Structure formats: C-alpha cells, structure tokens
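Everything below concerns the one structure shown next.
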Amino acid sequence: MLATMPKSGTTWLKALTFSIVNRNNHSVDESPLLFSNPHYLVPFLEIYLYKDGNIPDIDSMPCPRILATHLPYQFLPSSILDCSNCRIIYLCRNPLDVFTSVLQFLLQNGRISSPSMSIDVPFEQFCQGIHPYGPFWDHCLGYWDASLKNPQKVLFLKYEDLKKDINSSVKKIADFLGYPFSAEEEEAGLVEEIAMLCSFENLKNLDCNKEGEIKAAFRAKHSSFFRKAEVGDWVNVLTPSMANRLEKLFQEKLGESGLTLEFNSK
Ligand code: A3P
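Each number in our numbering corresponds to the 1-based position in the sequence shown with 105 added.
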C-alpha cells in the first residue's frame with residue numbers, strides 16, 4: 106500500500122514501486138509505464154476502487170498487488186493494519202512545496218480560476234488543518250509513529266531524500282518489500298535503469314503523460330501530475346513570513362516525535 110498526502114510525489118512512488126516489484130515481468134524497455142500513466146497501474150483505494158460504494162474483487166487482482174491511498178493511517182481498515190501481511194510505504198514531502206503544488210495542480214485543472222488569486226485564504230486553511238485528507242501534521246505523524254512502532258510493516262520516506270539519492274531509495278524500497286536486488290542485477294545497472302525510467306524528465310515527456318486526462322475526484326490532465334518536481338519551489342509562491350509561520354507551526358505540531366521536515370531547501 107502506497108500512502109501519501111496529495112502532491113507529495115505519489116505518481117513517482119507508484120512508478121518506482123511498480124517497476125521494482127514487476128521487474129521480472131517486464132524489462133525496462135517494455136515497461137507498461139511507457140504507455141500508461143502510473144495512476145492506472147497502481148489504483149487508489151478511495152478515489153477509484155471503492156468509489157461510489159463499489160466493492161472491488163481485490164482477490165482477483167494479480168499478485169503482487171500494489172494499491173495506493175491518501176487516507177490517514179488512522180483511517181486504514183484492520184484488514185490492512187492487522188489481518189494481512191500488507192506493507193505500507195509512506196512518502197512525505199515538505200509542506201511548503203506540497204501547498205504550492207496543490208495550488209498549481211488546481212490551477213492547471215481549472216479548479217481555481219485566476220493565477221493572480223489571493224493565496225491568503227487557502228494558506229490560512231492549510232495552517233488550520235483544513236485540507237483534503239485532514240491536517241498535514243496528523244497525516245505524516247500517523248504514518249511516522251507507525252513506522253517507528255513497526256518498521257517491518259511501515260516504511261517512511263521523504264521526497265527530498267529520493268531527490269538527493271534515488272538509487273539508494275530504489276534499493277531501500279526493494280529491500281523493504283522483500284524484492285532485494287541481487288548482486289548480478291546491481292552489476293547490470295538495473296537499479297539505475299529503474300531510477301531513470303521513473304525519472305521526472307523521462308515520465309513527463311512520454312506521450313501517455315503529455316496527453317489525456319484521468320477521472321479521479323475530478324478530471325485531471327495527465328500532464329498536471331508532472332509540473333516542476335523541484336525542492337523549494339515554494340519560494341515562488343509563499344512569502345518568507347508565510348514560510349516562517351508554517352515552520353513554527355510544524356515545529357510545534359511535530360513536537361518530540363523525532364520527525365523533521367525540510368523547510369529551508371532553497
Ligand atoms: P510539483 O508540483 O512541485 O512539480 P503527486 O504525484 O502526489 O500528485 O505529486 C505531484 C508532484 O510530484 C509534482 O510536484 C510533480 O511534478 C512531482 N513529480 C511527479 N513525477 C515525478 C517524478 N518522476 N520525480 C520527481 N517528482 C515528480
């Protein structure tokens with residue numbers, strides 16, 4: 106189960122995990138990712154599979170099953186938490202960039218109308234925890250605490266760490282899921298090949314991601330899932346005082362949890 110707050114790099118995590126787990130089924134040259142947006146290969150539970158009261162036949166889906174969710178940890182059913190060997194990967198991103206990315210995504214998909222609209226109201230709401238899937242800090246803390254209590258079950262990753270060293274992150278995901286790379290695979294450069302396949306530059310320029318749209322909570326252009334992929338792009342949207350306010354708020358909310366988020370990446 107891949108869990109994220111929207112705009113934390115879900116699309117990337119889906120592409121990576123799909124490629125790692127299915128590497129014996131498809132060579133990188135023939136990857137379904139070359140023809141399909143990652144969201145079709147790893148469907149969301151609540152946005153797609155269980156939408157509108159639908160009850161999917163999960164058992165009939167081929168193994169290994171990779172599914173995704175934006176739900177907070179506290180909302181996951183016990184079938185995931187207690188009754189199965191399901192492993193969970195959580196990808197966290199710094200909240201300044203997430204806030205910025207959400208705004209741009211809504212803009213690109215016509216959900217907010219003017220590029221010059223004031224961000225004061227959405228920013229205030231974000232600070233108050235009024236956000237899709239709940240307060241950001243509760244979302245990441247739920248998965249953080251679970252990863253400390255049960256590291257075999259929950260792997261906590263940060264977008265910024267993936268950006269810094271994707272090859273180590275690919276190996277970490279593979280090890281966690283029980284699909285470690287063999288020495289031969291590493292020697293043959295498979296880790297790097299998967300990282301390249303799933304890179305922003307590669308995925309963004311594929312026809313399947315340049316064209317078309319997906320019907321999720323609303324119609325979203327495939328291209329809108331690939332915008333800039335930069336750490337620290339928030340400087341173009343938020344004022345320093347907004348950033349300071351969020352940093353202080355998060356220091357307070359994360360408290361003694363041990364979780365740190367990168368605020369000053371630029
Ligand atoms: P930006 O809006 O900052 O560019 P999600 O997949 O959770 O919707 O998150 C989307 C964010 O992840 C966007 O950030 C997008 O550009 C970035 N992203 C998408 N694919 C990526 C990839 N392969 N590598 C790194 N970042 C990626």
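Ideal placement from N, C-alpha and C gives every residue a C-beta, glycine not left out. Nothing here was measured: the structure is a model prediction, and the numbers come from that model.
Determine the direct distance from the alpha carbon of residue j to that of residue i, and round the result to whole angstroms.
i      : j      : result
ASN349 : LEU282 : 37 angstroms
LEU365 : VAL259 : Contrary to the premise, residue 365 reads as Thr rather than Leu in this sequence. Roughly 17 angstroms between the two C-alpha positions.
LEU308 : GLU361 : 38 angstroms
ARG198 : SER113 : 5 angstroms
LYS263 : LEU196 : 5 angstroms
GLY317 : GLY215 : 15 angstroms
PRO111 : PRO148 : 14 angstroms
LEU311 : LEU139 : 7 angstroms
THR109 : TRP249 : 12 angstroms
HIS144 : THR116 : 7 angstroms
ARG128 : THR122 : 10 angstroms
GLN257 : GLN179 : 18 angstroms
VAL203 : HIS236 : 11 angstroms
GLU289 : LEU146 : 27 angstroms
GLU357 : GLY158 : 38 angstroms
SER346 : ALA325 : 32 angstroms
SER218 : GLY234 : 23 angstroms
Return the residue from the list the options that minimises the CA-CA distance to residue i.
i      : options                        : result
ILE271 : ALA288, HIS244, PHE305, CYS245 : PHE305
TYR238 : SER346, LEU181, GLU135, LYS358 : LEU181
ALA120 : TYR153, PHE330, PRO285, CYS232 : PHE330
ASP280 : VAL126, LEU118, LYS315, ILE224 : VAL126
LEU172 : MET301, LEU118, ASN159, ARG332 : LEU118
TYR155 : THR174, ARG170, MET301, THR115 : THR174
ARG170 : LEU150, GLY234, ASP134         : LEU150
VAL133 : THR344, MET301, GLY158, LEU359 : MET301
LYS254 : PRO345, ASN130, GLY363         : GLY363
SER223 : LYS358, THR344, GLU357         : THR344
LEU359 : ARG332, PHE241, ILE278         : PHE241
I'd like the list of long-range same chain contacts for residue i, defined as Cβ closer than 6 angstroms, with 5 residues on each side in sequence excluded.
i      : result
ILE194 : LEU107, LEU260
LYS268 : VAL336
SER252 : VAL259, PHE261
THR205 : ASP338, TRP339, VAL342
SER184 : none
Who are the Cβ neighbours of residue i in its own chain at under 7 angstroms, not counting the five residues just before and after it?
i      : result
PRO177 : TYR238, GLY239, ASP243, HIS244, GLY247
ASP266 : SER274
LYS276 : PHE286, VAL296
SER136 : SER124, LEU302
TYR284 : ILE125, VAL126
HIS131 : PRO137
Below 8 angstroms CB to CB, which residues in the same chain sit around residue i once its five sequence neighbours on both sides are set aside?
i      : result
PHE368 : ASN199, LEU201, ALA348, LEU351, GLU352, PHE355
LYS315 : LYS309, HIS327, SER328
CYS232 : ARG350, LEU351, LEU354
ARG332 : SER206, GLN209, PHE210, GLN213
Can you round the beta-carbon distance between residue i and residue j to whole angstroms, since I take them to be within the 8 angstroms contact cut?
i      : j      : result
SER141 : CYS313 : 6 angstroms
SER124 : ILE319 : With 8 angstroms as the limit, SER124 and ILE319 do not qualify as a contact, their Cβ atoms being about 20 angstroms apart.
ILE152 : ALA322 : 6 angstroms
What I want to know is whether the C-beta of residue i ends up closer than 7 angstroms to one or more non-hydrogen atoms of ligand 2.
i      : result
LEU201 : No copy of ligand 2 appears in this structure; the ligands present are ligand 1.
> For the 8 angstroms Cβ check, are there 3 or more pairs between the region 293-302 and the region 227-240?
Replying inline: no
> Contact between the region 181-192 and the region 205-224: three or more CB pairs below 8 angstroms?
Replying inline: no
> Does the count of Cβ pairs from the region 328-336 and the region 164-178 closer than 8 angstroms reach three?
Replying inline: Per the Cβ contact rule, the region 328-336 is not in contact with the region 164-178 (fewer than 3 Cβ pairs under 8 angstroms).
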